[in-house]
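Trainee: If you count by UniProt numbering, then the sequence shown holds residues 1 to 302, one letter each, in order. Glycine is no exception: its CB is placed at the ideal position from the N, C-alpha and C atoms.
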Amino acid sequence: MPPNKFDMSAFRTLYPFQSHFLDIDGLSYHYLDEGQGSAVVMLHGNPTWSFYFREMVRALSPDFRVIVPDHMGCGLSDAPSPRRYDYRLRNRVDDLERLLDHLSLDSPLTLMVHDWGGMIGLCYAIRHPERIGKLIITNTAGFFPPGKKRLPLRLRLIRDLPLLAVPAVLGLNIFSRAAVFMAPGSRLDRAVRLGLTAPYHSPARRMATLKFVQDIPLSPEDPSYSMVRRVADHLHDLSHLPTLILWGLADFVFDTDYLDEWRRRFPRAEVHAFSDGGHYLLEDKSPAVIPLVKDFLKKHSD
Numbered sequence: 001m002p003p004n005k006f007d008m009s010a011f012r013t014l015y016p017f018q019s020h021f022l023d024i025d026g027l028s029y030h031y032l033d034e035g036q037g038s039a040v041v042m043l044h045g046n047p048t049w050s051f052y053f054r055e056m057v058r059a060l061s062p063d064f065r066v067i068v069p070d071h072m073g074c075g076l077s078d079a080p081s082p083r084r085y086d087y088r089l090r091n092r093v094d095d096l097e098r099l100l101d102h103l104s105l106d107s108p109l110t111l112m113v114h115d116w117g118g119m120i121g122l123c124y125a126i127r128h129p130e131r132i133g134k135l136i137i138t139n140t141a142g143f144f145p146p147g148k149k150r151l152p153l154r155l156r157l158i159r160d161l162p163l164l165a166v167p168a169v170l171g172l173n174i175f176s177r178a179a180v181f182m183a184p185g186s187r188l189d190r191a192v193r194l195g196l197t198a199p200y201h202s203p204a205r206r207m208a209t210l211k212f213v214q215d216i217p218l219s220p221e222d223p224s225y226s227m228v229r230r231v232a233d234h235l236h237d238l239s240h241l242p243t244l245i246l247w248g249l250a251d252f253v254f255d256t257d258y259l260d261e262w263r264r265r266f267p268r269a270e271v272h273a274f275s276d277g278g279h280y281l282l283e284d285k286s287p288a289v290i291p292l293v294k295d296f297l298k299k300h301s302d
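(1) Just how far apart, CA to CA, sit L14 and L100?
(2) Can you tell me the Cβ-Cβ gap for Y124 and D70, rounded? I've got them flagged as a contact below 8 angstroms.
(3) Rank P82, Q18, R58 and L111 by C-alpha distance to the C-alpha of L76 and give the top, closest one.
(4) Along the chain, where does the beta strand (DSSP E) that runs through R264 open and close?
(5) Among D251, D25, L235 and V57, which one has its Cα closest to the Cα of I132?
(6) Can you list, in chain order, the residues of its chain with a C-beta nearer than 7 angstroms to that of G117? Leave out the 5 residues immediately preceding and following it.
(7) The alpha helix (DSSP H) that contains T197, what's its start and end?
(8) Starting from the Cα of L153, find the closest Cα among L161, P146 and S226 and give me that residue.
(9) Output needed for A168: all residues of its chain with C-beta closer than 6 angstroms, excluding positions within five of it in sequence on either side, in chain order.
(10) Checking 8 angstroms against the spacing of the C-beta atoms, do H279 and L292 come in under that value?
(11) DSSP has L32 in a bridge; who is on the other side?
(12) Please return the same chain residues whose Cβ sits closer than 8 angstroms to the Cβ of N91, not counting the five positions on each side in sequence.
(13) Inspect the beta-carbon positions of L196 and Y52 and report whether they are closer than 8 angstroms.
(14) Mind checking A165: buried by the 16 CB within 10 Å criterion, or exposed?
(15) Quick check for students: name the residue ranges of the alpha helix (DSSP H) that lie wholly in the region 126-184, counting only runs of 4 or more.
(16) Could you check what DSSP says for L22 in three-state terms: helix, strand or coil?
(17) Which residues in the same chain as Y258 place their Cβ atom closer than 6 angstroms to its Cβ, once the five residues preceding and following it in sequence are excluded?
(18) Can you tell me where the beta strand (DSSP E) holding T110 begins and where it ends?
(19) Suppose you measure from the CA of I288 to the CA of R83; what does that come to, to the nearest Å?
(20) With a threshold of 16 other CB atoms inside 10 Å of the CB of T256, please say whether the residue is buried or exposed.
(21) Return helix, strand or coil for A204, following the three-state DSSP convention.
(22) Cβ of E55 within 8 angstroms of Cβ of L282?
(23) Taking 8 angstroms as the CB-CB cut-off, is R264 touching chain D?
(24) Output the residue ranges of the alpha helix (DSSP H) runs that lie fully inside the region 214-261 and measure 4 residues or longer, sorted by chain position.
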């Protein structure tokens, strides 16, 4: 088992879980696998890792089997160079597929997604709709920016200006550091801030945070465009599933326009929006969100 790649002592009590690793073509892919019962698979976004779901893991693992991978380059997974790993959406979905095939889950799973985890998980769900039983959607997208919406300026600069993005993201770690101060009130405890940012302690460990932004597809010439197009065109294949939408309305990227698009595409979904919740909804509103998730899973138990 690979050793931890960063010091976790300052926040270890917040993340007391056993680590598991899957070898994917010589690279270590880290995941949590806690509890027993029906599977709930949680997929994080950028620039977080499985630490983001820690309270949800604690809350659900007494009754469910909770599986939370770290995408390659994130958390406790390996952070290979771009020569070794392509850091595209297709790679992310293939990694997830390898993990879930390895685990051989015997019943449809609940998919809980956030940020880039949404597109990764929904790509998987479109590939294997028979494996998905329920959806929990939090501040993410399964489609291109709705209407004529543009990416926020800070994302466009990182995506399109590598001469600026490389020193800013890899050198100064602005993406991971800034994210922890974007919560409403910016009052995350020091241990939580350390936990969220710890994996991204060196330029080599920050490659995924850069590549996620650079992989945002906006035109047919972008490498991941066709995969996002397929998800956007086939989301209706999942709209019959029990779906819970939990939304932080203070998110500077996934704002109310995205929420409205989810409501349009999933009109039967149960929706809860929080005016005082931001992009890191589980950090801002965990005590309110956890009972909603538990109640949803109970109402739609297999």
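Mentor: Taking the coordinates as given:
(1) As a first step, residue 14 is located in the sequence shown; it is residue number 14 there, counting from the start. As a first step, residue 100 is located in the sequence shown; it is residue number 100 there, counting from the start. Distance between the alpha carbons of L14 and L100 is about 26 angstroms.
(2) Reading the sequence shown from its first residue, position 124 is the one you call residue 124. Reading the sequence shown from its first residue, position 70 is the one you call residue 70. About 16 angstroms separates the two Cβ atoms, so there is no contact after all.
(3) As a working mapping, residue 76 is identified with position 76 in the sequence shown. Shortest Cα-Cα distance from L76 to any of P82, Q18, R58 and L111 involves Q18.
(4) Within the sequence shown, residue 264 is the residue found at index 264, counting from 1. Premise fails: R264 lies in the alpha helix (DSSP H), T256 to R265, not in any beta strand (DSSP E).
(5) Looking up residue 132 in the sequence shown gives position 132. Just measuring C-alpha positions, the residue of D251, D25, L235 and V57 sitting nearest I132 is L235.
(6) As a position in the sequence shown, residue 117 is number 117, starting the count at 1. Result list for G117: L43, H44, G45 and T140, in chain order.
(7) The sequence position of residue 197 within the sequence shown is 197, counting from 1. That run of the alpha helix (DSSP H) goes R190 to T197.
(8) Within the sequence shown, numbered from 1, the residue matching residue 153 stands at position 153. Here the closest residue by C-alpha is L161.
(9) Stepping through the sequence shown from its first residue, residue 168 is reached at position 168. For A168, where only same-chain residues beyond five positions count, the Cβ hits under 6 angstroms are I174.
(10) Stepping through the sequence shown from its first residue, residue 279 is reached at position 279. Stepping through the sequence shown from its first residue, residue 292 is reached at position 292. When the beta-carbon positions are compared, H279 and L292 stay at least 8 angstroms from each other.
(11) Residue numbering aside, residue 32 sits at position 32 when the sequence shown is read from its first letter. Beta-bridge partners assigned by DSSP to L32: V68.
(12) Indexing the sequence shown from 1 puts residue 91 at position 91. These residues qualify, in order along the chain: M72 and Y85.
(13) The sequence position of residue 196 within the sequence shown is 196, counting from 1. The sequence position of residue 52 within the sequence shown is 52, counting from 1. Less than 8 angstroms separates the beta-carbon of L196 from that of Y52.
(14) The residue you call residue 165 lines up with position 165 of the sequence shown. By the 10 Å Cβ count, A165 comes out buried.
(15) Within the region 126-184, the runs of alpha helix (DSSP H) at least 4 residues long that lie entirely inside it are, in chain order, 153-160, 162-165 and 174-179.
(16) Working through the sequence shown from its first residue, we reach residue 22 at position 22. L22 falls in the strand class under three-state DSSP.
(17) By one-based count along the sequence shown, residue 258 stands at place 258. Excluding residues within five positions, the ones whose Cβ falls inside 6 angstroms are A141.
(18) Start at 1 with the first residue of the sequence shown, and residue 110 comes out as number 110. Residues L109 to D115.
(19) Indexing the sequence shown from 1 puts residue 288 at position 288. Indexing the sequence shown from 1 puts residue 83 at position 83. In the sequence as presented, Ile is not what sits at residue 288; that position holds Ala. The alpha-carbon atoms of A288 and R83 are separated by roughly 43 angstroms.
(20) Here residue 256 is taken as the residue at index 256 of the sequence shown, counted from 1. With fewer than 16 other Cβ atoms within 10 Å, it is exposed.
(21) Taking the first residue of the sequence shown as position 1, residue 204 is located at position 204. Under the three-state reduction of DSSP, A204 is assigned to helix.
(22) Residue mapping note: residue 55 aligns to position 55 of the sequence shown, counting from 1. Residue mapping note: residue 282 aligns to position 282 of the sequence shown, counting from 1. In this structure, L282 lies closer than 8 angstroms to E55 by Cβ.
(23) No chain D appears in the structure shown, which is made up of a single protein chain.
(24) Every alpha helix (DSSP H) of 4 residues or more that sits fully in the region 214-261 is shown, in chain order, as 225-234.
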